Amino acid sequence: MAQSPVQSFFPLRATRHIICNDIATFVAARRLLADGHAQRGAAVRVARYAGAESMPLDVVGWFQPATMLGLVMAFVWSRTLLGIPPRGRMPSLRGWLRRAPPRPKRLGLQKLGSESSEDMTAGIQLRPATSLSSIWEAYLFAGSFSDIPVALQLLEFPQAFLDWRRSDGLIPGLPNTPPAIDPIFSRKAVPGSEDEVVRACDEMLDSYGGVLLAVSESELVGTLAVRVKWLPQACHLGADGGNGKVAVRTVPYAQVQEAPGLEPVAYLEQFAVAPAWRGTGLAARLLGEAEIMARQWGLGLVTLHVQRDDWQPLRFYQKHGFEITSDWMGRGPQRFLLMKVVGNG
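Numbering of the sequence shown is given in our numbering, commencing with residue 382 and proceeding in unit increments.
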């Protein structure tokens, strides 16, 4: 039975493909046999394409190690330029700020309206986040001012949310270590009634972390998250500052390792204020509310991490009584752990 044109097309096309490949292979083989310098010519063409026809092989050999050495030297130079102190030898915050470059002049910048700072922030409502959606909104708001890519922030949000549920600053083997708290998503029993859900949320927000929202006419203009972490008791020293306040001082890292136990502290995260509201006193108001929250929880210390070359926030925290403490809890060599004693009660 004769095949249709469609049925006979595919075998013919496959056969033609094989024949063409065979012909191409045969021609290439003949050219290689006819020209004994074909391989050398191909190598020259590749070198010419790469722009390295005249580059000796020994130059190519040491180029990669030299490049690696240059990268290492650039890394060491950048650390030296930033003046990162060795581990366990943290400077005072006031002394570190002497290295800051001159403040840039602000030209043509105006605050919202012509009111004073107190009048401007009087209409802003500070309230805690009481739902997952509001926590998510605060997370996105703070992340919009971060240098971390948005995609990475989205991937990190589940872990950040679980961290509000448990303490993640535990040191195994030390006494007074609080019991670990299971992540909420690993619970077998899920709250069944609305009241149980509300109580579970209250337990999380009040006991292990809360998110403050600054709202102006239903618009989110500032956020600050307060969590409970645990630090060694020897990570700070108290002294009379002359005006009755307690000063925080840096202690050696070896002394921190020998700490007799742990103490809970209020740890600040997601501290962000909308650009239009910066310089109005809103950041100071959020910080003051967080300190009140810490004292209500019975916590006497407020801590947070700040980039070492982020001079404007460092000036803000130095103005509000923070000090650089031991770097045992550092997030790499580029951040300071700042601490402030707020008392408790």
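The beta-carbon is built from N, C-alpha and C at its ideal position, and this holds for glycine as well.
As the structure is a prediction and not an experimental result, all values here were calculated from the model.
| Item | Value |
| --- | --- |
| Nearest-angstrom Cα distance between THR604 and PRO446? | 47 angstroms |
| Could you check what DSSP says for ILE505 in three-state terms: helix, strand or coil? | coil |
| According to DSSP, simplified to helix, strand and coil, what is ALA510? | coil |
| Starting from LEU718, trace the beta strand (DSSP E) in both directions and tell me its first and last residue. | 716-722 |
| Can you tell me which residues form a DSSP beta bridge with PRO472? | PRO472 pairs with nothing; no bridge assigned. |
| Using DSSP with H/G/I as helix, E/B as strand and the rest coil, what is ALA405? | At ALA405 the pLDDT is 47, less than 50, meaning the model places this residue with poor confidence; the figure from the coordinates comes in the next sentence. Residue state, collapsed to three classes: helix. |
| Tell me, to the nearest whole angstrom, how far the beta carbon of LEU682 is from that of VAL654; I am working on the premise that it is less than 8 angstroms. | Not a contact, Cβ separation roughly 23 angstroms. |
| Are ALA510 and ALA519 closer than 7 angstroms when you measure CB to CB? | yes |
| Which same chain residues end up closer than 8 angstroms to ARG716 when comparing Cβ atoms and leaving out the 5 residues on each side of it in sequence? | HIS686, VAL687, GLN688, ARG689 |
| For SER597, which of helix, strand or coil comes out of DSSP? | strand |
| Out of MET674, PHE526, ALA657, which has the shortest C-alpha to C-alpha gap to ALA647? | MET674 |
| Going by DSSP in three states, GLU704 sits in which element: helix, strand or coil? | strand |
| Determine which residues share a DSSP beta bridge with GLU518 and list them. | None, per the DSSP bridge assignment. |
| List the whole-angstrom C-beta distance separating GLN699 from LEU474, where the pair is believed to meet the contact cut-off of C-beta under 8 angstroms. | 5 angstroms |
| Mind checking which residues open and close the beta strand (DSSP E) that includes GLU639? | Premise fails: GLU639 is in no beta strand (DSSP E) and is neither H nor E. |
| Using only alpha-carbon positions, find the residue among ALA664, ALA671, GLN677 that is nearest to ARG696. | ALA664 |
| Take GLN614 and list the residues in its own chain whose beta-carbon comes closer than 8 angstroms to its own, dropping the five residues that flank it on each side. | ALA640, PRO641, GLY642, LEU643, GLU644 |
| What's the C-alpha gap between TRP692 and ALA671? | 22 angstroms |
| Taking the CB atoms as reference points, tell me whether GLY662 and THR502 lie closer together than 7 angstroms. | yes |
| What are the boundary residues of the alpha helix (DSSP H) that GLN614 is part of? | Per DSSP, GLN614 belongs to no alpha helix (DSSP H) and is neither H nor E. |
| Can you tell me which of GLU704, GLU600, GLN677 puts its alpha carbon nearest to the alpha carbon of ILE505? | GLU600 |
| Measuring alpha carbon to alpha carbon, tell me which of VAL607, PRO482, ALA595, PRO694 ends up nearest GLU650. | VAL607 |
| Check whether chain B comes within 7 angstroms of GLY642, counting only Cβ atoms and requiring the distance to be less than that. | The chain labelled as chain B is not found in the depicted structure, where only one protein chain is given. |
| Taking LEU663 as part of the alpha helix (DSSP H), name the residues at either end of that continuous run. | 663-677 |
| Taking the straight line between their C-alpha atoms, what separation do you get for GLY702 and THR448? | 45 angstroms |
| Please classify PHE526: is it buried, with 16 or more other beta-carbons within 10 angstroms of its beta-carbon, or exposed? | exposed |
| Identify whether LEU680 lies in helix, strand or coil by the three-state DSSP scheme. | coil |
| Quick one: grab the DSSP three-state call for ALA647. | strand |
| Count the other CB atoms within 10 Å of the CB of GLY476; is the residue buried (16 or more) or exposed (fewer)? | exposed |
| Give me the residue from HIS617, MET454, LEU521 with the minimum Cα distance to MET720. | HIS617 |
| Quick one: what does DSSP say ALA653 is sitting in, helix, strand or coil? | strand |
| By the 10 Å Cβ neighbour count, where 16 or more other Cβ atoms means buried, how is LEU393 classified, buried or exposed? | Unreliable positioning characterises LEU393 in this predicted model, as indicated by a pLDDT of 39, which lies under 50. A coordinate reading is not provided. |
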